[in-house]
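Note that the protein sequences, when read in sequence, are chains A and B. Position 63 (the first sequence) corresponds to 64 in our numbering; numbering is contiguous. Position 106 (the second sequence) corresponds to 234 in our numbering; numbering is contiguous. All C-beta atoms, glycine included, are put in the ideal place defined by N, C-alpha and C.
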Amino acid sequence: MLLEVKNLTKIFTVGFLRRKEIVAVKDISFNVKESEFVSLVGESGSGKTTTARMILRLLRPTSGSVVFRDRDVWSLRTLNDLRWYWRQVHGIFQDPFASFNPLYKVDRVFYQVFTLLGDNDVDKESLVNEALKEVGLRPEEVLGRYPHELSGGQRQRLMIARCYLLKPKLILADEPISMIDASTRAGILQLFSKLRDEYKTSIIFITHDLGLAYYVSDRVLIMHKGSIVEEGSPEEIMEHPQHPYTKRLREDVPLLYRKWSGF
Amino acid sequence: MNTLALGLEGVDRSMSLLEAEHVKAYYRVREGFVKAVDDVSLHLDRGVIMGLAGESGCGKSTLVNTLMLNIRPPLYLIDGRITLDGNLLSKMDKQTLKKKVWGVLVSIVPQSALNALMPTQKIIDLIKDIVHAHTDISDSEIVSMSRRRFEELNLPVEALNMYPHELSGGMRQRAVIAISTLLNPKLLIVDEPTSALDVSTQKQVLKLLVDLRKAKIIESMIFVTHDIAVLRQIADRIAIMYAGKIVESASTDDILYNSKHPYTYGLINAVVTPEPEVRKRGLISIPGEPPNLLKPPSGCRFHPRCPYAMDICRREEPPLVEVGEGWTVACHLVASGRR
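As structure tokens, then:
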């Protein structure tokens, strides 16, 4: 098993005088196999992003564990161990603009990859050009530019191009296309599927859009109020949803060839 | 006084509510003009919900703001005639627009509407301020009017006495919509009203918009979005905009099932909804990006991305051709009878 999430819980304490506890993630467990495409679907506030941040080691869980290749990621201590984890697990976020430093040219995100990999004897330029071509970008239209000069789609493609250099074992993509035009969404999604097919990368795709999850996933997890309420193949979830929340979610997705009643 | 006769005098009996002819609106920047709206003509009938679709950066927001003359430098109305409910907006000065048009004849719910409420002001106090800017109705009347409107639209009346932070995102969006239609504008323009919301909240907002028309609070609506599946649920007609121009405009069914412009079916093919039809065709996206409108491509602006581009497409701008009743297309393939 590549990744095992066991009884993961996160409780946030808010307020100063009147302390209040908010259970963001409530005792969730799931596994991800090698080259598996898993979607985590839920509305805003359901705890999807908190889960992703705990897996990425950005947020410490209140209880439970995240086990990656038989090692508990929250007990990794040395820089070498952390590098081992960072090389294999990669996060892609909703707003690609936030992943760039606006003062530097976009090329920098690639050269940071080589630092992380510790590879200095490689032909960096041709590797970067290769990676850019994989994601459908022409090197001359993006290299040497600043982040604000590129469109949202281009920026997100750049972030995915990094994955082609790193070849991580696991990608956590948190709403990677919700800020991108409908016309280019499919293209970006296919890049993830391609990575999976070519390098057996596992993908955890976090989204509020059941439609997107339906197309790309091997397995769909439905998250609601911090818990995983239903799990199944995309067909099972779409055709025979069991949990009332899943049923509602399915009915509320606007379809192209069917009109809602009462509208 | 015969109020009935008086009421009818001002009514334009024609079907058309909004007419825009050859509208050009450019942003002036250091390098020249960004042609965000370039020779757009459209008309909107009474009682119709029209969707305006296209990728970001195609001029959709600029167009709808221009249609209600909500323009300020660096955006300028270069040319064109805009008539709304019999009034020639394009010749009006700002004072007249403020007094007689905005909020009364036409309202807009902008893209950033979630942040349009004052954090330090209760909803009802904001409503008072807004209504005072347009008419001189008394405070108590505004309160009862707002309560009646919220009830009519099935919104919780308690929300009126709350601060924006006490409301959820969807509720805030619906409050903004209810407030902007309080004075019963003939035309409501909504700009990407649901793109920041999740599907269940989105459906509630869309329902509210449809109810506004059912209750005859508004006559017509222009709904701007890049999500055609959303338009399918509420729009009677769809206009497709690309690089500052309207390339196809037709009934929702014609756009969905018989679209003629390559950009239109590119957009439709890119829609990813969980349906057997979509599963069968697979995921297809339009290659490339919309052009920089400072220097739009020659001829047909879509030709660099078009799979069917011919020689003429690079040289000449395609004429807008009527291919059916209320159905126009600007494409050389159609103009030359090949599609």
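Next on the checklist: Using only CA atoms, which one of A:K34, A:S30 and A:L133 lies nearest to K7 (chain A)?
Outcome noted: Locating residue 7 (chain A) in the first sequence gives position 6, where the first residue counts as 1. Relative to K7 (chain A), the option among A:K34, A:S30 and A:L133 whose CA is nearest is A:S30.
Checklist entry - Can you list the residues of chain A that H354 (chain B) reaches, using a CB-CB cut of under 9 Å? => result For the purposes of this step, residue 354 (chain B) is taken as the residue at position 226 of the second sequence. Here the neighbours are D182, A183 and S184.
Next on the checklist: Counting beta carbon pairs with one atom in the segment 20-38 of chain A and one in the segment 153-165 of chain A, are three or more of them shorter than 8 Å?
Outcome noted: no
Checklist entry - Along the segment 232-252 of chain A, what residues have a CB closer than 7 Å to any CB found in chain B? => result M239, R249 and L250
Next on the checklist: Between G212 (chain A) and chain B, is the shortest Cβ-Cβ distance under 8 Å, so that the two count as touching?
Outcome noted: Here residue 212 (chain A) corresponds to residue number 211 of the first sequence, with the count starting at 1. Yes, G212 (chain A) counts as interfacial toward chain B.
Checklist entry - Which partner residues of A458 (chain B) appear in the DSSP bridge assignment? => result Stepping through the second sequence from its first residue, residue 458 (chain B) is reached at position 330. Beta-bridge pairing links A458 (chain B) to B:L448.
Item to check | C-alpha gap between K134 (chain A) and I181 (chain A), whole angstroms | outcome: Numbered from 1 along the first sequence, position 133 holds the residue referred to as residue 134 (chain A). Numbered from 1 along the first sequence, position 180 holds the residue referred to as residue 181 (chain A). C-alpha separation (whole angstroms): 20 Å.
Next on the checklist: Please give the ranges of any alpha helix (DSSP H) in the segment 96-148 of chain A, keeping only runs that are unbroken, at least 4 residues long and fully inside the region.
Outcome noted: 109-118, 125-135 and 140-143
Checklist entry - Is the beta carbon of V234 (chain B) sitting closer than 8 Å to the one on I317 (chain B)? => result To locate residue 234 (chain B), count along the second sequence from 1; it is residue 106. To locate residue 317 (chain B), count along the second sequence from 1; it is residue 189. Result yes, Cβ atoms of V234 (chain B) and I317 (chain B) sit closer than 8 Å.
Checklist entry - Counting only beta-carbon atoms, is A357 (chain B) nearer than 8 Å to chain A? => result For this step, residue 357 (chain B) is matched to residue 229 along the second sequence. Yes, because at least one Cβ of chain A sits closer than 8 Å to the Cβ of A357 (chain B).
Checklist entry - Mind pulling the chain A residues with CB within less than 9 Å of A398 (chain B)? => result On the second sequence, residue 398 (chain B) is found 270 positions in, with the first residue counted as 1. Going along chain A in sequence order, the residues near A398 (chain B) (Cβ under 9 Å) are D182, A183, S184, T185, R186, A187 and G188.
Next on the checklist: Closest to E142 (chain A) by C-alpha separation, out of B:G416, B:S142 and B:K163, would be which residue?
Outcome noted: The count along the first sequence starts at 1 and reaches residue 142 (chain A) at position 141. Answer by Cα proximity: B:G416.
Item to check | Buried/exposed call for N81 (chain A), threshold 16 Cβ in 10 Å | outcome: Numbered from its first residue, the first sequence carries residue 81 (chain A) at position 80. With fewer than 16 other Cβ atoms within 10 Å, it is exposed.
Checklist entry - Residues of chain B with CB under 8 Å from S64 (chain A), in chain order? => result In the first sequence, the residue the question calls residue 64 (chain A) occupies position 63. Per Cβ cutoff of 8 Å: no residues; S64 (chain A) is ~28 Å from chain B at best.
Checklist entry - Can you tell me the Cα-Cα spacing of V139 (chain B) and L145 (chain B), whole angstroms? => result For the purposes of this step, residue 139 (chain B) is taken as residue 11 along the second sequence, with counting starting at 1. For the purposes of this step, residue 145 (chain B) is taken as residue 17 along the second sequence, with counting starting at 1. Residue confidence is low: V139 (chain B) scores 45 on pLDDT, short of 50, so the model does not pin down where it sits. Its coordinate-derived value is still stated next. Cα to Cα, V139 (chain B) sits roughly 11 Å from L145 (chain B).
Item to check | C-alpha distance - G182 (chain B) paired with T79 (chain A), whole-angstrom precision | outcome: For the purposes of this step, residue 182 (chain B) is identified with residue 54 of the second sequence, where counting begins at 1. For the purposes of this step, residue 79 (chain A) is identified with residue 78 of the first sequence, where counting begins at 1. Rounded to whole angstroms, G182 (chain B) to T79 (chain A) spans 50 Å at the Cα level.
Item to check | V215 (chain A): first and last residue of the uninterrupted alpha helix (DSSP H) it sits in | outcome: Here the question's residue 215 (chain A) lines up with position 214 in the first sequence. Strictly speaking, residue 215 (chain A) in this sequence is Tyr, with Val absent from that position. Unbroken alpha helix (DSSP H) run through Y215 (chain A): L211 to V217.
Item to check | Members of the segment 398-418 of chain B near chain A, C-beta cut-off 8 Å | outcome: A398, V399, V400, T401, P402, E403, E405, V406, R407, L411, I412, S413, I414, P415 and E417
Item to check | Runs of beta strand (DSSP E) wholly within the segment 352-422 of chain B (minimum 3 residues, chain order) | outcome: 365-370 and 373-379
Checklist entry - Quick one: is I345 (chain B) near chain A, going by C-beta distance under 8 Å? => result As a first step, residue 345 (chain B) is located in the second sequence; it is residue number 217 there, counting from the start. Among the CB atoms of chain A, none fall inside 8 Å of the CB of I345 (chain B).
Checklist entry - Quick one: is A99 (chain A) buried, meaning 16 or more other Cβ sit within 10 Å of its Cβ, or exposed? => result Position 98 of the first sequence holds residue 99 (chain A). It is exposed - the Cβ of A99 (chain A) has fewer than 16 other Cβ atoms within 10 Å.
Item to check | Simplified DSSP assignment, three categories, for L4 (chain A) | outcome: Along the first sequence, one-based indexing puts residue 4 (chain A) at 3. Three-state DSSP puts L4 (chain A) in a strand.
Checklist entry - Under the rule that 16 or more other beta-carbon atoms within 10 Å means buried, what is A241 (chain B), buried or exposed? => result Stepping through the second sequence from its first residue, residue 241 (chain B) is reached at position 113. Its Cβ being crowded by 16 or more others within 10 Å, A241 (chain B) is buried.
Checklist entry - At a CB-CB cut-off below 7 Å, which residues of chain B make contact with Y258 (chain A)? => result Position 257 of the first sequence, counted from the start, is the residue given in the question as residue 258 (chain A). Those are E403 and E405, listed as they occur along chain B.
Checklist entry - CB D426 (chain B) to CB R443 (chain B), shorter than 8 Å? => result The residue you call residue 426 (chain B) lines up with position 298 of the second sequence. The residue you call residue 443 (chain B) lines up with position 315 of the second sequence. Reading the sequence as shown, one finds Ser at residue 426 (chain B) and not Asp. Yes. Within cutoff.
Next on the checklist: Counting only Cβ-Cβ distances shorter than 9 Å, please list the residues of the segment 68-79 of chain A near chain B, keeping chain order.
Outcome noted: none
Checklist entry - Quick one: what does DSSP say D339 (chain B) is sitting in, helix, strand or coil? => result What you label residue 339 (chain B) is simply residue 211 of the second sequence in a count that begins at 1. D339 (chain B): helix per DSSP, three-state reduction.
Checklist entry - What's the C-alpha gap between S45 (chain A) and M299 (chain B)? => result Against the first sequence, residue 45 (chain A) aligns to sequence position 44. Against the second sequence, residue 299 (chain B) aligns to sequence position 171. Distance between the alpha carbons of S45 (chain A) and M299 (chain B): 14 Å.
Next on the checklist: Give me the chain A residues within the contact set of K331 (chain B), using Cβ-Cβ distance strictly less than 8 Å, ordered along the chain.
Outcome noted: As a working note, residue 331 (chain B) is residue 203 in the second sequence. At a C-beta separation below 8 Å, K331 (chain B) has these neighbours in chain A: D253, P255 and W261.
Next on the checklist: So, for V227 (chain B): in the same chain, excluding its five sequence neighbours on each side, which residues have a beta-carbon less than 7 Å away from its beta-carbon?
Outcome noted: In the second sequence, residue 227 (chain B) corresponds to position 99, counting from 1. Position check: residue 227 (chain B) holds Lys in this sequence, whereas Val was assumed. Closer than 7 Å at the Cβ level, and outside the excluded window around K227 (chain B), lies no residue.
Item to check | chain B residues whose Cβ lies nearer than 8 Å to that of E44 (chain A) | outcome: Here residue 44 (chain A) corresponds to residue number 43 of the first sequence, with the count starting at 1. Ordered by position in chain B, the residues that pass the 8 Å Cβ test against E44 (chain A) are D326, V327, S328 and T329.
Next on the checklist: Can you list, in chain order, the residues of its chain with a C-beta nearer than 8 Å to that of L205 (chain B)? Leave out the 5 residues immediately preceding and following it.
Outcome noted: In the second sequence, residue 205 (chain B) corresponds to position 77, counting from 1. V151, K152, A153, T194, L197, I199 and S218.
Next on the checklist: With a threshold of 8 Å between beta carbons, is L136 (chain B) in contact with chain A?
Outcome noted: If you number the second sequence from 1, residue 136 (chain B) lands on position 8. Unreliable positioning characterises L136 (chain B) in this predicted model, as indicated by a pLDDT of 41, which lies under 50. The coordinate reading is nonetheless provided below. By this cut-off, L136 (chain B) is not an interface position.
Checklist entry - Which residue's Cα is closest to the Cα of S184 (chain B): B:Y370, B:D221 and B:I236? => result Translated into positions along the second sequence, residue 184 (chain B) becomes position 56. It is B:Y370.
Next on the checklist: Can you tell me whether Q330 (chain B) is buried or exposed? The criterion is at least 16 other CB atoms within 10 Å of its CB, across all chains shown.
Outcome noted: Along the second sequence, read from residue 1 onward, the residue named residue 330 (chain B) stands at position 202. That one is buried.
Next on the checklist: Per DSSP, what are the beta-bridge partners of L10 (chain A) in this structure?
Outcome noted: Here residue 10 (chain A) refers to the residue found at position 9 of the first sequence. In the sequence as displayed, the identity of residue 10 (chain A) is Thr instead of Leu. Note: T10 (chain A) sits in a beta bridge opposite A:S64.
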